[in-house]
Amino acid sequence: MAGENRYSPILVGIFLSQMLIGTLVVVVFLWMGKAIIPRHGGGLYVLDRVQDPYLYWGLLAGILFSLVFLPIRYLYQGPKG
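Note that this note's numbering numbers the sequence shown so that position 7 is 1, with each residue one more than the last.
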């Protein structure tokens, strides 16, 4: 299938699409200055950059870490096994 230190093309495509979605989400949140997140129990919560700056920037850092940084790290290191 794939070489020893390479992921299959399908997994590379999944990682790249995950990075693209994460980047687009962060760009939209930065452009609007607001983040729309689901509220526990139903509904949506609008997180404003001016009213809740630490929560807003923490959310963006978490999104960048989980949807952009980790796939780059996984692609760089290659599969373990």
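Every residue, glycine too, gets a C-beta built ideally from N, C-alpha and C.
Enclosing alpha helix (DSSP H) for residue i [first to last residue]
i: residue 44; result: First-last for residue 44: undefined, no H or E at that position.
Member of the options whose CA lies at the smallest distance from the CA of residue i
i: residue 83; options: 14, 43, 70; result: The shown model of the chain, from -5 to 75, leaves out residue 83, and the question about it has no answer.
i: residue 55; options: 35, 1, 21; result: 21
i: residue 46; options: 18, 30, 58; result: 30
i: residue 64; options: 3, 4, 11; result: 11
Beta-carbon spacing of residue i, residue j below 8 angstroms
i: residue 13; j: residue 61; result: yes
i: residue 32; j: residue 38; result: yes
Supposed contact pair residue j and residue i - C-beta distance, whole angstroms, cut 8 angstroms
i: residue 70; j: residue 9; result: So it is not a contact: roughly 11 angstroms between Cβ atoms.
i: residue 57; j: residue 19; result: 6 angstroms
What are the start and end residues of each continuous alpha helix (DSSP H) run of 4 or more residues lying completely inside the stretch 19 to 72, in chain order?
As far as the stretch 19 to 72 is concerned, its whole alpha helix (DSSP H) runs of at least 4 residues are 47 to 58, 64 to 71.
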